[in-house]
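Enquirer:
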Amino acid sequence: MKGKILLAALWLVGCVVVSGIVVVSQDVGSGHRRADIHPSNETNQGNNALRSLALALSSGKEAMRPFRGSRSENDPDKDRLNPPIAGMDCYLDRIATYVSCFSSLIHTEEEAVTLFTSLIDELQAALPSDRWRGMQKDPGTASIRSYTYDDQRSNARIDIDIIAGTGPSGQSIYMVSSFGWPH
C-alpha cells in the first residue's frame, strides 16, 4: 500500500512537471566516454551548477541557501532550485533542506534509461573524484534502477532512480528522480 501511495504521489508530481530529455554522452556501464561528443557551454554551465550544488551539499544546510529560487506553486514548503538542472524539475525543501528533482513522465523505459544515464554522466563529470564515489545500488520500492553518489568526507549523498508505474490507461510510465541530502 505504501508503495502505491508513493507511486501515486510521484505520478501526480510528474503530471505537473514539464521538462526535456538530455542526451547521453557516456556509457555508464563500461565507463568509457564517447569521443564524438564534446562539451558545450551549456554542458559546462550545467557541470558548474552541479559542482556548486555538490559543494553546498557537502558543506551543510546553511550552504544551500543561495540555491533557493522562487517558491513552489505546488508546495509552500519548497522553493525551486536555482540554477535549474536540465531535464529535471528541482526543488529545495524549506524544512529538511534537501534537494528533490523529478523528470516529466516518460513513456518508454529506453527514454528513462537515457535520462538516468545522462544524469549519472553529468554528475561524474561535475563531482570532484577525490571526494565523491558513485555506484549502482539495489533499486528500492517502485524503482527499477538506482545509483548513488556519496561524499567520502561529509557523508552528503545524491540518489538517482528510475521509477516505474502504470498510467491511467494501463500503459507503462517512468520517471527519473534524484534527491540530494546535505551532510
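Residues in the sequence shown are numbered from 3 upward in steps of one, following our numbering.
Even for Gly, the Cβ is constructed at its ideal location relative to N, Cα and C.
1. Taking the alpha carbon of I146 as the reference point, which residue from D132, D153, I162, S60 has its own alpha carbon closest?
2. Does the distance from the C-beta atom of D79 to that of D95 stay below 8 Å?
3. Determine whether the beta carbon atoms of R135 and Y151 lie at a separation below 8 Å.
4. Using DSSP's beta-bridge definition, name the partner residues of E180.
5. Where M177 and S54 are concerned, what is the direct C-alpha to C-alpha distance, given to the nearest angstrom?
6. Taking all protein chains shown into account, do 16 or more other C-beta atoms lie within 10 angstroms of the C-beta of R36, making it buried, or fewer, making it exposed?
7. Looking at G89 and R82, is the spacing between their C-beta atoms short of 8 Å?
8. Identify, in the order they occur along the chain, each residue of the same chain with its Cβ nearer than 7 Å to the Cβ of S74, setting aside the five sequence neighbours on each side.
9. Can you tell me whether A98 is buried or exposed? The criterion is at least 16 other CB atoms within 10 Å of its CB, across all chains shown.
10. Report, in whole angstroms, the separation of the C-beta atoms of G182 and L57, which I expect to be a contact under 8 Å.
11. Do you know offhand how far N84's Cα is from T119's?
12. Buried or exposed: which applies to L14, given that a residue is buried once 16 or more other Cβ atoms fall within 10 Å of its Cβ?
Expert: With the given structure in hand:
1. I162
2. yes
3. yes
4. Reading off the sequence shown, one finds Ser at residue 180, where the question assumed Glu. Answer is C103, I162, bridged to S180.
5. 25 Å
6. Here the model assigns R36 a pLDDT of 30, short of 50, so the residue's position is not dependable, and the following value carries that caveat. Exposed, since its Cβ has fewer than 16 Cβ neighbours within 10 Å.
7. no
8. K80, D81, R82, Y93
9. exposed
10. Contact flag wrong, Cβ pair sits at about 11 Å.
11. 23 Å
12. Interpretation of L14 is limited by its pLDDT of 33, a score under 50 that renders its predicted location unreliable; the figure taken from the coordinates is listed afterwards. It counts as exposed.
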